[in-house]
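Enquirer:
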């Protein structure tokens, strides 16, 4: 789902949607669509993306790729999701084409933590056959970035990793102990 269609489907008819223009750190003009003081969509290069906040309310709106908790820190620091960091579930990877919107989740949590576009050009079978090398998702927004931390953001979901306290408490982000998940990448998760 893309463009303004996403906005009309995910925002109730009678709700007031404010439009705010900001500039990203690289100088790109970004339009924010704000509902109840929370950014729910952003427009970049004439494409409208849901924010992580909106994806937490509608977690199945985009195909999602799963990664390990330590990768989240890299994504929040501006990295893209590389294929070696993608966890292949028993059901296989979502079917997407280059340029499709997608979300990123962490193992053991259904809440998306990032949104971007799929950049790989190979099929899922080709990627797995070649050892999952290269870029997977070009990340535009994560839940710990500047868009997420806008002043009026409301707490809507706790992000919890097994064996650790929540990293979102009362609307504030807590540091993550990244030593917990020292697993090798590309291992399949067992149900």
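Residue numbers (my numbering): 21 to 211.
We put the CB at the ideal spot given by N, CA and C, even for glycine.
Quick caveat: nothing in here was measured; it's all calculated off a predicted structure.
1) Rounded C-beta distance between residue 72 and residue 145? I'm assuming under 8 Å.
2) Rounded to a whole number of angstroms, what is the C-alpha to C-alpha distance between residue 118 and residue 137?
3) Please classify residue 87 as buried or exposed, where buried requires at least 16 neighbouring CB atoms within 10 angstroms.
4) Whose C-alpha, out of 69, 42, 102, is nearest the C-alpha of residue 151?
5) Name, in chain order, the residues that DSSP records as bridge partners for residue 136.
6) The ligand MN and residue 100: does the residue's C-beta get closer than 6 Å to at least one heavy atom of that ligand?
7) Just to check my reading of the structure: residue 162 and residue 95 have Cβ atoms closer than 8 Å, yes? What is that Cβ distance to the nearest angstrom?
8) Does residue 74 pass the burial test, meaning 16 or more other C-beta atoms within 10 Å, or should it be called exposed?
Expert: Per the coordinate set shown:
1) About 30 Å; that fails the 8 Å criterion.
2) 8 Å
3) buried
4) 102
5) 122, 159
6) The model depicted lacks the ligand MN and carries no ligand whatsoever.
7) 5 Å
8) buried
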